[in-house]
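Data block below; observations after.
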Amino acid sequence: MKFARLFAILLALLFAVTISGIGVAYPQGGEGTAEPTEEPTEEPEEEYVPYCTEEVRAELEGEDIYIPVISKGFQHQFWQAVKLGAEQAAEDCGVTITFEGPETEAMVDKQLEMLQTALDKEPDAIAFAALDSQAAIPLLERAQEEGIPVVGFDSGVDSDIPVTTAATDNVAAAALAADKMAELIGGEGQVAVIAHDQTSRTGIDRVAGFKDRIEEEYPDIEIVDIQYGGGDHLKSTDLAKAIILANPDLKGFFGANEGSIISVLNAVTELGMEGEIVVIGYDSGLQQIEAIKSGVQAGAITQNPIGIGYRAVEAAVMAIRGEELPEHIDTGFMWYDAENIDSDEIVAVLYE
Numbered sequence: 001m002k003f004a005r006l007f008a009i010l011l012a013l014l015f016a017v018t019i020s021g022i023g024v025a026y027p028q029g030g031e032g033t034a035e036p037t038e039e040p041t042e043e044p045e046e047e048y049v050p051y052c053t054e055e056v057r058a059e060l061e062g063e064d065i066y067i068p069v070i071s072k073g074f075q076h077q078f079w080q081a082v083k084l085g086a087e088q089a090a091e092d093c094g095v096t097i098t099f100e101g102p103e104t105e106a107m108v109d110k111q112l113e114m115l116q117t118a119l120d121k122e123p124d125a126i127a128f129a130a131l132d133s134q135a136a137i138p139l140l141e142r143a144q145e146e147g148i149p150v151v152g153f154d155s156g157v158d159s160d161i162p163v164t165t166a167a168t169d170n171v172a173a174a175a176l177a178a179d180k181m182a183e184l185i186g187g188e189g190q191v192a193v194i195a196h197d198q199t200s201r202t203g204i205d206r207v208a209g210f211k212d213r214i215e216e217e218y219p220d221i222e223i224v225d226i227q228y229g230g231g232d233h234l235k236s237t238d239l240a241k242a243i244i245l246a247n248p249d250l251k252g253f254f255g256a257n258e259g260s261i262i263s264v265l266n267a268v269t270e271l272g273m274e275g276e277i278v279v280i281g282y283d284s285g286l287q288q289i290e291a292i293k294s295g296v297q298a299g300a301i302t303q304n305p306i307g308i309g310y311r312a313v314e315a316a317v318m319a320i321r322g323e324e325l326p327e328h329i330d331t332g333f334m335w336y337d338a339e340n341i342d343s344d345e346i347v348a349v350l351y352e
């Protein structure tokens, strides 16, 4: 059954979230050639317990709660996985959701139109993943004035209007990608980055996390170029090829989301340079999975997309009911490569 399948996946994802106090699965047992920088000490989070029990669902029955979920797009399988999680939470809580997003992650104006339309329907709450961390603030201010709770997910906004944001700690995740890159290229050499944008929190934080870790911890590694493809696969592939051709000594390439890393893989393949450049990605998808298994790609950071969607809708329900929420809900991340890609905990967070 669909419910049983998704519930099993969700349980595995929630296990990943609680691997450490901040939901980060750093390598254990001294792996790597350099010690990562010390992370801030935090009190361990309480073990996650789903909010929408049978009792809560019974209390919500007949209330006709409606929550529009507005994502950043539909062009990547990542968003289909987020949608599955959101739908599962809606089913568990007994609420109605819609899940929509623009055709590409470059369509900020289209996303704002969707947010405007959602507000016009007077929903009970809104879950929103911002393409631009600032552009939506006037509309979110309207939501606040009208008493509509806003839950951020995946990509937050530069505002305290959202009651919480369910997302990966993208700075820490990209820093782990930098640590892995340094390990795999021997701690020295030239690397490059392709990211999706400079406007969303994911784009900003992943580039910053990778760049800052390299600059702070690996003085013999040079980032020769950082480019942004705007969610356009063809443009991103051309950018990646241009970087490789302009830097014949390039040793590593980091793609900061599913679309970006697919473009890097396309560039490496089209130039016949498989195995010559260490390729590290972000997220999942069939092309990355196959590339890692074949050795063309070294590994990637995987998020918890089903968990992101689930926790966003769940948090919206909690906000409607006046429950206290943390400022951030850390949905976790993990490193995967050819050695652990078939393990149960990694299989649970991958999508094709």
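The opening residue of the sequence shown carries number 1 in the numbering used here; numbering runs sequentially from there.
Every residue, glycine too, gets a C-beta built ideally from N, C-alpha and C.
Bear in mind the structure is a predicted one, so any value in this text is a computation, not a measurement.
Going by beta carbon distance, what residues of the same chain come within less than 6 Å of residue i, once the five residues before and after it are set aside?
i	result
P36	Confidence at P36 is low in this model, with a pLDDT of 42, below 50, so its placement is unreliable and no value can be given for it.
L184	V278 and A298
A89	Y310, V313 and E314
G285	Q77 and E258
A129	S71, K72, F153, D154 and S155
A135	V108
S159	I137
A174	R206, G209 and F210
H328	T165
A106	G230 and G231
G255	I194, I261, V264 and G281
Counting only the same chain and skipping the five closest in sequence on each side, list residues whose C-beta sits under 7 Å from that of residue i.
i	result
Q190	E222, V224, N247, D249, L250 and K251
G291	Before going on, a small fix: residue 291 reads as Ala here, not Gly. Taken in chain order, the residues that qualify are L265 and Q297.
P40	Confidence at P40 is low in this model, with a pLDDT of 39, below 50, so its placement is unreliable and no value can be given for it.
L239	I194, Q227 and G229
A319	A125, P149, V151, V163 and L325
R171	The amino acid occupying residue 171 in the given sequence is Val; Arg does not appear at that position. Cβ neighbours of V171 beyond the five flanking positions: D205, A208 and G209.
A316	I67, A125, A127, P149 and V151
Name the DSSP beta bridge partners of residue i, please?
i	result
E276	In the DSSP output, where bridge partners are listed per residue, E276 has none listed.
G186	Paired residues: none, contrary to the question.
G127	Looking at the sequence shown, residue 127 is not Gly but Ala. Per DSSP, V69 and V151.
I194	Q227 and G255
G281	A300
Helix, strand or coil: how does DSSP classify residue i here?
i	result
T37	Confidence is the limiting factor: at T37 the pLDDT is only 42, short of 50, which leaves the residue's position unreliable, though a coordinate-based value still follows. Coil, per DSSP.
F210	helix
E122	coil
L250	strand
I346	helix
A172	helix
T165	strand
Q288	helix
P138	helix
D225	strand
G230	coil
G156	coil
E146	coil
E352	coil
S260	helix
S236	helix
D220	coil
E215	helix
E47	coil
L265	helix
T117	helix
L245	helix
G132	The amino acid at residue 132 is misidentified as Gly; the sequence shows Asp. Note: D132 maps to coil in three-state DSSP.
T53	coil
T202	helix
Between residue i and the rest of its own chain, which residues show a CB-CB distance below 8 Å, the 5 nearest in sequence each way excluded?
i	result
L139	L112, L115, Q116 and L119
E352	Q77, S284, G285, L286 and I289
A338	I292, K293, G295 and G299
L271	K241, I244 and L245
E103	G73, F74, Q75 and K110
T269	V296
T53	none
P123	Y66, I67, P68 and I148
I204	S133 and Q198
Q80	F74 and Y351
I161	I137, L140, E141, A143, Q144 and V150
Unbroken alpha helix (DSSP H) runs of length 4 or more, entirely within the region 291 to 343: which are they?
305 to 320
Inside the region 57 to 113 only - alpha helix (DSSP H) runs reaching at least 4 residues:
77 to 93
Within 8 Å, do at least three Cβ pairs link the region 209 to 221 to the region 229 to 249?
no
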